[in-house]
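**Student:**
2 protein chains.
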Amino acid sequence: MNCELISVGTEILLGDILNTNAQYLSKELASLGIGVTHQCTVGDNRERLLSAIDLAFSRCEMIIFTGGLGPTPDDLTKEVCSEYFGKELLMDEAIAEDIRKYFKDRNRTMPESNLKQALVPKDATVLYNTCGTAPGFIMEKDGKTMIILPGPPNEMTAMFRKSVRPFLSEKSDCIIKSHTVRTFGIGESDMSERVRDLLFMENPTVAPYAKSGEALLRVTAKAESEEKADGLMKDVISEIESRLGDYIYGIDVSSTEEALSKILKEKKMTVSFAESCTGGLCGKRMTDLSGASQIFHCGVISYSNEIKEKVLSVKKEHLTKYGAVSAVVAAEMAEGVRLLSSSSIGVSVTGEAGPTSGDGKPVGLIYIAVTDGERLLIKELHGRTGGDNCREYNRIFSASAAFNAAQTFIKGSVRSESLREFIESH
Amino acid sequence: MNCELISVGTEILLGDILNTNAQYLSKELASLGIGVTHQCTVGDNRERLLSAIDLAFSRCEMIIFTGGLGPTPDDLTKEVCSEYFGKELLMDEAIAEDIRKYFKDRNRTMPESNLKQALVPKDATVLYNTCGTAPGFIMEKDGKTMIILPGPPNEMTAMFRKSVRPFLSEKSDCIIKSHTVRTFGIGESDMSERVRDLLFMENPTVAPYAKSGEALLRVTAKAESEEKADGLMKDVISEIESRLGDYIYGIDVSSTEEALSKILKEKKMTVSFAESCTGGLCGKRMTDLSGASQIFHCGVISYSNEIKEKVLSVKKEHLTKYGAVSAVVAAEMAEGVRLLSSSSIGVSVTGEAGPTSGDGKPVGLIYIAVTDGERLLIKELHGRTGGDNCREYNRIFSASAAFNAAQTFIKGSVRSESLREFIESH
Chain S
-13 MNCELISVGT
-3 EILLGDILNT
7 NAQYLSKELA
17 SLGIGVTHQC
27 TVGDNRERLL
37 SAIDLAFSRC
47 EMIIFTGGLG
57 PTPDDLTKEV
67 CSEYFGKELL
77 MDEAIAEDIR
87 KYFKDRNRTM
97 PESNLKQALV
107 PKDATVLYNT
117 CGTAPGFIME
127 KDGKTMIILP
137 GPPNEMTAMF
147 RKSVRPFLSE
157 KSDCIIKSHT
167 VRTFGIGESD
177 MSERVRDLLF
187 MENPTVAPYA
197 KSGEALLRVT
207 AKAESEEKAD
217 GLMKDVISEI
227 ESRLGDYIYG
237 IDVSSTEEAL
247 SKILKEKKMT
257 VSFAESCTGG
267 LCGKRMTDLS
277 GASQIFHCGV
287 ISYSNEIKEK
297 VLSVKKEHLT
307 KYGAVSAVVA
317 AEMAEGVRLL
327 SSSSIGVSVT
337 GEAGPTSGDG
347 KPVGLIYIAV
357 TDGERLLIKE
367 LHGRTGGDNC
377 REYNRIFSAS
387 AAFNAAQTFI
397 KGSVRSESLR
407 EFIESH
Chain X
-13 MNCELISVGT
-3 EILLGDILNT
7 NAQYLSKELA
17 SLGIGVTHQC
27 TVGDNRERLL
37 SAIDLAFSRC
47 EMIIFTGGLG
57 PTPDDLTKEV
67 CSEYFGKELL
77 MDEAIAEDIR
87 KYFKDRNRTM
97 PESNLKQALV
107 PKDATVLYNT
117 CGTAPGFIME
127 KDGKTMIILP
137 GPPNEMTAMF
147 RKSVRPFLSE
157 KSDCIIKSHT
167 VRTFGIGESD
177 MSERVRDLLF
187 MENPTVAPYA
197 KSGEALLRVT
207 AKAESEEKAD
217 GLMKDVISEI
227 ESRLGDYIYG
237 IDVSSTEEAL
247 SKILKEKKMT
257 VSFAESCTGG
267 LCGKRMTDLS
277 GASQIFHCGV
287 ISYSNEIKEK
297 VLSVKKEHLT
307 KYGAVSAVVA
317 AEMAEGVRLL
327 SSSSIGVSVT
337 GEAGPTSGDG
347 KPVGLIYIAV
357 TDGERLLIKE
367 LHGRTGGDNC
377 REYNRIFSAS
387 AAFNAAQTFI
397 KGSVRSESLR
407 EFIESH
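Chains as they are written, first to last, in my numbering: chain S, -13 to 412; chain X, -13 to 412.
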């Protein structure tokens, strides 16, 4: 079964908002074995929306719409879809009551315009909105299905999971399953070269992707059941593992921080971060993961040298002699935050994220240190030296590198040195 | 002039990557007075891409493509566009040399497949890629224009700014200019009700948007020049200001942190953050802004009670009696980080981001404190109590609320109390 996505909203065409809904729905549909062949965005415009529906139904039997269900006069998705199927809109008193209650519960006055959201296309299945006031709908006619969802991502995803996914599962006759092999420290084209022959397979398929300094391979199989799909993928994944070896930091983990978090939980260890150029991004990414408090106690964002000295006990003479962006300062920051928080390991990041250099060191130079108080791992990295998004890239890249360094340090798969000897040699 | 966007890539249709390029290009084109009527995504598939080109050219005279310029065999945008215009592909030795040099400069071996990127459609204008190896192209034929750009956002945006924007500026006969009025603390529908009559205007237009607990109005005018567009918008913006008053935190600023950063720079003040539930997000967002080191010295991510006591000098009896999520702990955290870092003001965030509660307090309860050592501002917030993305929403929302609270504290537009009296009363 194929499906097309139509996102409705002039704000998307003006670039005011990022269309995350299309990504979410595509991923969910892929996992259900439903192919998405086209994604399309049109404005809040009756004629263009009608044409888009007509075109999509000439190629497939199902359309999922997002957006245009709001209370304002320009919101017209429900109206146009009802018109296309020749269905009238009827006021649903139960929904109207829910909307009034939604506002009352929040001590807010309901603008009258919100009642427009209680109009329901005749014969449609109503999808209740647990996060907002606009209900969604499923409308079917002559073998064609329109699924109409609200635009705000939190409302849309909750409604999809609760009502749409179960509806679609029943319609699909096969499943598509993927496994993701994630690497760090190897470029996309380099990675692709090593597995070049595998990229031409048909079932499973192997496809390379790159993102913020990481490269990954997605292995995808189409089969009748999850077990059969996994059977198709098993040998291919083993082959990839043998070719990419230590570059792989995880299979089916979603990020370097998740891989680190997993090994910390397994080993019942805790971690703290001392961050300079990443400015809190390491902490933010660690605590994006629910349950982070088991493994993450403390972060210090030591953006100034004064804080490095005062809070993390970095030696003033080292800051003067080597600068804040140096291996020895990174080592002292990592040990400083570890002692401050009594964590099993301390991790530090100090670097020049750019766009300009503050410390006289080249933009893109980054040091990472990991220590358990005895052993020390230092990594010198070279990120982007300039260009657009250089600051953002270097910050994301160095946080990922810090998570990856900590993971390899704990696994013992890299050579580390003595912390004391390293500090004393300076 | 109208334009359509075609994003090419099976990875977008599978939901593996988020299509940020469409947003970026739409925003840029809007600012040039070029209307985007449709955005469309198709897979790496010759027939579908040819149909999409045909359809787009039936509605407009210009298409901008992103993606499908990579070195792998499935990348075929350039090939299909050349075929559509009936142009052959020729090897460009200068580009081939650049690609070889790109790899040599990075001490990496060039995979032979990369040379595919040196093939150039006959008569095309080549757009050099300053961030990667795939060049872009502008192809014109019979009044139709195809602009072909690489998929990786950093490569695409750099190329757009350097080569495509100047090319398009010459083509456009009018400009579209927007101003954005940003609010905090008022819902989208509430805000819209207050300016309801303005939402029906034609030039300028006024449109409401909502995002992570913030609501904003975008005022957009179409005119021959920037001055004329500003003239059209002036009175409307004054009217909005008088209706929304203190809810407005800035006009043409991009975020609450930017508004805070601006006032800190104006007043030559510094700020430090003590973060619990936001886990580093406040620091991360402050240091996303280049030049943050002038105003931001230090952040402490005190994820455990131990760190709140030890590093921030929060009283143990207060943690026991009131819990970590309480007004008094928030106040002590703010003052603790201010003293630690010798900043002008200290800001703290402590709350239950969810999805589950750790401290026995309800999910969504958040306290923010701002202090300069004498005066204290406390905010009790109620974020989402559950549902999808509740954790992410509460973290973004409470960081924004902290920035907004600090801005209003500095402006003196809110009532504050005595820090000493507040602490002593507990």
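Positions of the beta carbon are idealized from the N, C-alpha and C atoms, including for glycine.
Terminal residues of the continuous beta strand (DSSP E) containing Tyr235/S?
**Tutor:** 234 to 237
**Student:** Identify, in the order they occur along the chain, each residue of the same chain with its Cβ nearer than 7 Å to the Cβ of Thr264/X, setting aside the five sequence neighbours on each side.
**Tutor:** Val335, Arg381, Ser384, Ala385
**Student:** In whole angstroms, what separates the C-alpha of Thr119/X from that of Ser(-7)/X?
**Tutor:** 19 Å
**Student:** Please report whether the beta-carbon of Thr342/S lies at a distance below 9 Å from any beta-carbon of chain X.
**Tutor:** It does: the Cβ of Thr342/S has a partner Cβ on chain X nearer than 9 Å.
**Student:** Please state the DSSP three-state secondary structure of Pro121/X.
**Tutor:** coil
**Student:** What are the partner residues of Glu403/S, as DSSP defines its beta bridges?
**Tutor:** Leu362/S
**Student:** Kindly provide the ranges of any beta strand (DSSP E) runs that are 3 or more residues long and lie completely inside the stretch 42 to 94 of chain X, ordered along the chain.
**Tutor:** 48 to 52, 75 to 77
**Student:** At a Cβ threshold of 9 Å, is Leu308/S touching chain X?
**Tutor:** The amino acid occupying residue 308/S in the given sequence is Tyr; Leu does not appear at that position. Judged by the 9 Å Cβ criterion, Tyr308/S is not in contact with chain X.
**Student:** Residue range of the alpha helix (DSSP H) that Pro152/S falls in?
**Tutor:** 151 to 157
**Student:** Give the single residue among Leu4/S, Ser228/S, Asn115/S, Gly337/S whose Cα lies nearest to the Cα of Gly350/S.
**Tutor:** Gly337/S
**Student:** Pick helix, strand or coil for Lys197/X, following the three-state DSSP scheme.
**Tutor:** strand
**Student:** Count the other CB atoms within 10 Å of the CB of Met219/X; is the residue buried (16 or more) or exposed (fewer)?
**Tutor:** By the neighbour-count definition (other C-beta atoms within 10 Å, threshold 16), Met219/X is a buried residue.
**Student:** Kindly list the residues whose CB is nearer than 7 Å to the CB of Phe102/X, restricted to its own chain and excluding five residues on each side of it in sequence; keep chain order.
**Tutor:** It is worth fixing the name first, because residue 102/X is Lys in this sequence and not Phe. Cβ within range, chain order: Pro57.
**Student:** Let me check understanding here. Comparing Cα to Cα, which of Leu326/X, Asp176/X, Glu321/X, Gly369/X lies closest to Ser99/S?
**Tutor:** Asp176/X
**Student:** Does DSSP put Thr169/S in a helix, a strand or coil?
**Tutor:** strand
**Student:** Report the neighbours of Gly266/S on chain X: residues whose CB is nearer than 9 Å to its CB, in chain order.
**Tutor:** Phe259, Glu261, Thr264, Gly265, Gly266, Leu267, Cys268, Gly269, Lys270, Arg271, Met272, Thr273, Gly285, Ile287
**Student:** Please go through the same chain and pick out, in chain order, the residues whose beta-carbon is closer than 7 Å to the beta-carbon of Lys253/X, but skip the five residues on each side of it.
**Tutor:** Ile396
**Student:** Against Ala201/X, what residues of chain S qualify as contacts under a CB-to-CB distance less than 9 Å, listed in chain order?
**Tutor:** Simply none; closest approach about 12 Å.
**Student:** Does Cys117/X have its Cβ less than 9 Å from a Cβ in chain S?
**Tutor:** yes
**Student:** Classify Glu141/S: buried if its beta carbon has 16 or more other beta carbons within 10 angstroms, exposed otherwise.
**Tutor:** buried
**Student:** So Met(-13)/S and Met48/S are in contact, right, with Cβ under 8 Å, and what is the actual spacing, rounded?
**Tutor:** 7 Å
**Student:** Which residue wins for smallest C-alpha separation from Gly322/S, given the options His165/S, Gly173/S, Val333/S?
**Tutor:** Val333/S
**Student:** Could you give the first and the last residue of the continuous alpha helix (DSSP H) run that contains Thr394/S?
**Tutor:** 376 to 397
**Student:** Give the residues of chain X in contact with Gly54/S, contact being defined as C-beta atoms less than 7 Å apart.
**Tutor:** Going along chain X, no residue has its Cβ under 7 Å from Gly54/S, so there is no contact; the nearest lies around 13 Å.
**Student:** Work out the CA separation of Glu14/S and Ser327/S for me, nearest whole Å.
**Tutor:** 41 Å
**Student:** Just checking, does the stretch 229 to 242 of chain S make contact with the stretch 162 to 179 of chain S on the three C-beta pairs under 8 Å criterion?
**Tutor:** yes
**Student:** Using a Cβ-Cβ cut-off of less than 7 Å, give me the residues of the stretch 365 to 399 of chain S that come near chain X, in sequence order.
**Tutor:** Gly373, Asp374, Asn375, Arg377, Tyr379
**Student:** For Glu(-10)/S versus Ile50/S, is the C-beta distance shorter than 9 Å?
**Tutor:** yes
**Student:** Short of 7 Å in beta carbon distance, which residues of its chain neighbour Arg32/S, apart from the five on each side in sequence? Order them along the chain.
**Tutor:** Leu62, Val66
**Student:** For Ala8/S versus Thr206/X, is the C-beta distance shorter than 9 Å?
**Tutor:** no
**Student:** Going by DSSP, what residue range makes up the alpha helix (DSSP H) through Thr111/S?
**Tutor:** Careful: Thr111/S lies outside any alpha helix (DSSP H), inside the beta strand (DSSP E) at 111 to 113.
**Student:** Which residue from Val311/S, Gly346/S, Glu318/S puts its Cα closest to that of Tyr353/S?
**Tutor:** Val311/S
**Student:** Indicate the three-state DSSP secondary structure (helix, strand or coil) for Ile(-8)/X in the structure shown.
**Tutor:** strand
**Student:** Taking Cβ-Cβ distances shorter than 8 Å, what residues in chain X pair up with Asp40/S?
**Tutor:** Within 8 Å Cβ-Cβ: nothing; Asp40/S doesn't reach chain X, min ~12 Å.
**Student:** Given this structure, state the Cα-to-Cα distance separating Leu250/X from Ile281/X, to the nearest angstrom.
**Tutor:** Computed Cα separation, rounded: 7 Å.
**Student:** From His24/S to Lys294/X, what does the alpha carbon distance come to, in whole angstroms?
**Tutor:** 51 Å
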